[in-house]
Amino acid sequence: MDPANKKALLALANDVHLREQQWEEIARYVELVESWNQRTNLVSRQDIGRIVSRHVRESLWFIRPEVLGEARPVLDLGSGAGFPGVVMKIAEPGLLLTLLDSRQIKARFLAEVINHLGWDDVQAFCERAENLPGRFPGLTFDLVVCRAVAKLSDLWRWAAPLLGPGGRLAALKGGIWLKSCTSLANAIRPCAGS
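In my numbering, the protein residues as written are 156 to 349.
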């Protein structure tokens with residue numbers, strides 16, 4: 156494991172209360188991301204030493220009770236290298252998780268993670284989010300999560316048809332989030348009557 160990631164993992168373990176086995180699974184997952192990242196661009200090359208301090212830490216935000224709540228069928232939209240979904244599943248083993256990415260190489264990586272961690276209750280799809288309702292009619296989730304995927308208005312347009320009754324979208328956004336919120340309000344307005 157990259158020394159910066161190892162150091163960050165030890166520091167994070169002091170801040171976040173998970174079992175030792177869960178930290179070991181996170182370490183195995185980070186090593187898998189590092190290994191695959193040598194062949195394909197799962198995370199930015201500049202971020203390779205910040206997988207834990209940035210990607211894992213941010214992913215743990217989604218397991219907060221006010222975000223996750225009792226949601227169990229969860230969709231990680233635009234999962235990429237598996238952030239936040241894989242980290243959520245490690246931290247909350249009872250989670251029913253679907254990982255979704257439109258790029259074949261990333262979907263293959265996600266399938267490898269599922270196999271590597273021995274999960275039989277997680278699935279990965281290579282598909283565009285807007286095509287899921289047509290491909291799997293009736294498929295819904297309590298929670299759709301994503302980080303660094305697209306504008307909030309686009310995320311809402313893709314997530315809304317996949318949300319069951321009372322379902323929620325949780326998106327971790329950085330940078331120009333206020334502009335993104337304005338575009339989200341404009342995207343939701345036409346849906347208000349339906």
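Note that CB positions come from ideal geometry on N, CA and C, so glycine has one too.
Rounded straight-line distance, which links the Cα of Gln177 to that of Trp313: 31 Å
Output the distance between the C-alpha atoms of Leu298 and Ala279, rounded to the nearest integer angstrom. Leu298 and Ala279: Cα-Cα distance of roughly 16 Å.
Kindly give me the distance between the Cβ atoms of Gly233 and Leu255, rounded to whole angstroms, as I take these residues to be in contact under 8 Å. 7 Å
Cα separation between Leu294 and Val277? 15 Å
CA nearest to the CA of Pro316, picked from Phe296, Arg219, Thr195: Phe296
Cβ neighbour criterion (16 or more within 10 Å) applied to Thr253: The residue is buried, with at least 16 neighbouring Cβ atoms inside 10 Å.
Using a Cβ-Cβ cut-off of 6 Å (strictly less than) and excluding sequence neighbours within five positions of Ala226, which residues of its own chain qualify? Asp297, Leu298
Could you check what DSSP says for Ala136 in three-state terms: helix, strand or coil? With the chain represented from 156 up to 349, any question about residue 136 goes unanswered, as that position is not in the structure.
Assign Arg258 to one of three DSSP states: helix, strand, or coil. coil
Alpha carbon to alpha carbon, how far is His172 from Arg150? Give it in angstroms, no decimals. The chain is shown only over 156 to 349; residue 150 falls outside these bounds and no answer can be derived.
For the alpha helix (DSSP H) that Val185 lies in, which residues bound it at each end? 175 to 192
Relative to the C-alpha of Trp191, which residue among Val300, Pro320, Gly237 is closest? Gly237
On the premise that Val300 lies in contact with Ala266, defined as a C-beta separation below 8 Å, what is that separation, rounded to the nearest angstrom? With a Cβ gap of about 19 Å, Ala266 and Val300 do not count as contacting.
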